[in-house]
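In what follows, a structure is listed as structure tokens, so that the remarks can point back to it.
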Amino acid sequence: MPDKPEKPLEPATQDERDAPSETAASKYRRKQLERQLGPTQFIDEPPPLTHDTLWRGLARKGEARLLVVRATEAAQEAASRLNASGEVAKLVGELIVAALLVRSTLNPDARMQVYIRHDGPTGKMVADVWEGGGVRVYVKQPEATAELDGTLFGPGLMEVARTHAATGKSWRSTVQLQGDRIEDFMMHYLLESEQVLSLLRVEVEVANGVVTSALGYLVQLMPEGTHDDLKRMTQNLQTMTPLTEGMSHGDPDARAWAELLMDGFRWDQCGREMVEYECRCSEARILQMLSTLPPADLQEMASDTNDVEISCDFCRTKYLVKPSAIGELLEPPS
Ligand SMILES: [Zn+2]
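All residue numbers for the sequence shown refer to our numbering, where the first residue is 31 and numbers rise by one.
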């Protein structure tokens, strides 16, 4: 077989002609510099405006970060499961948005539970958020309204518990409720417990008792930040329009809005979660919960002729538990 004719050498690219003597090391440095000075990089295509999501951005020197969340569907679902009044539905949305943002900034691998215990008409409120964007909410008195009861919150405490998914290690910390709104409570928590300068904004709208929009953002200046960074961020925040005006079908991540908020910083998008209302309940978990009751109470339920109806505090799903299944809880483990 005759040899193929040798392929002619390809002409040099424009890059090679411009920098014929560039070594691998200097090319690497040039690329690094281009990346440091280049425009904001986004890692993925944003989901449409109808999907809940949370995304994170980080300044290239680690001096600042931004988190943006849309949790409208999750807030609607949580409030409707609880049969919440319009006013409590707004609080449910606010709690979901704030909890999602704080969990994702503190430790994206940890589950976080927020307990707000206070004397006001809503009673105890709990948000449970976990890795991957799952969220659920409990409110003791979801039917509460401010007209009937004055204000919705009374004096109290907020406890934040975080559990690392892989190791099971957990952290708890409690702060007094300071301010009037959930975003105030959370900012106070971040300053007291985490010592990070943070601005958290929650924007929840309710129409005819239904959550129509649940958005929020969290911007933080990290210890790497300088006095100038703080000044720049403060100036940027003064001119910001609400997030709801920055989010649109054409720009569901509010990227143009975020560029204004981070003006003067070089930064990139670095992560995303898909937010979803979910409940962690199951018949097995209900039985596990029952097993902590005093034996006398279990005995009474086990001797009942009817199934025992128990509903989940979070999603209100009803479970019918057979007395025989409760009887088995009384038997010593084999
Ligand atoms: Zn449930």
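Glycine is no exception: its CB is placed at the ideal position from the N, C-alpha and C atoms.
Where residue i falls: helix, strand or coil (DSSP)
i: residue 164; result: strand
i: residue 149; result: coil
i: residue 256; result: coil
i: residue 356; result: helix
i: residue 279; result: coil
i: residue 142; result: strand
i: residue 193; result: strand
i: residue 10; result: The question about residue 10 has no answer here: the residues shown for the chain are numbered 31 through 364.
i: residue 228; result: strand
i: residue 340; result: strand
i: residue 54; result: helix
i: residue 211; result: coil
i: residue 27; result: Because residue 27 is not part of the residues shown, which for the chain are 31 to 364, the question remains open.
i: residue 188; result: strand
i: residue 251; result: strand
Buried versus exposed call for residue i [16 or more other C-beta atoms within 10 Å across all chains shown]
i: residue 143; result: buried
i: residue 393; result: The shown model of the chain, from 31 to 364, leaves out residue 393, and the question about it has no answer.
i: residue 53; result: exposed
i: residue 155; result: buried
i: residue 58; result: exposed
i: residue 206; result: exposed
i: residue 187; result: exposed
i: residue 361; result: exposed
i: residue 333; result: exposed
i: residue 304; result: exposed
i: residue 354; result: exposed
i: residue 327; result: exposed
Opposing strand residues paired with residue i [DSSP bridges]
i: residue 88; result: 95 and 298
i: residue 158; result: 143 and 166
i: residue 83; result: 100 and 304
i: residue 243; result: 235
i: residue 122; result: None, per the DSSP bridge assignment.
* Under 6 Å from any heavy atom of ligand 1, by CB: list those residues in chain order, please. => 309, 311, 342, 344, 345 and 347
Exercise. Pair every Cβ in the stretch 109-125 with every Cβ in the stretch 226-237, then say whether three or more of these pairs are closer than 8 Å.
Key: yes
Indicate whether the contact test is met: 3 or more Cβ pairs, each with one atom in the stretch 63-76 and one in the stretch 203-214, closer than 8 Å. no
The stretch 90-99 touching the stretch 239-250, judged by at least three CB pairs closer than 8 Å: yes
### Inter-stretch contact at 8 Å, needing at least 3 Cβ pairs: the stretch 80-95 / the stretch 288-306
yes
Between the stretch 134-153 and the stretch 312-323, can you find at least three pairs of beta-carbon atoms closer than 8 Å? no
Practice prompt. Inspect the CB distances between the stretch 108-117 and the stretch 265-277 and report whether three or more fall short of 8 Å.
Written response: no
- Below 8 Å, can you find three or more Cβ-Cβ pairs linking the stretch 145-154 to the stretch 166-183? yes
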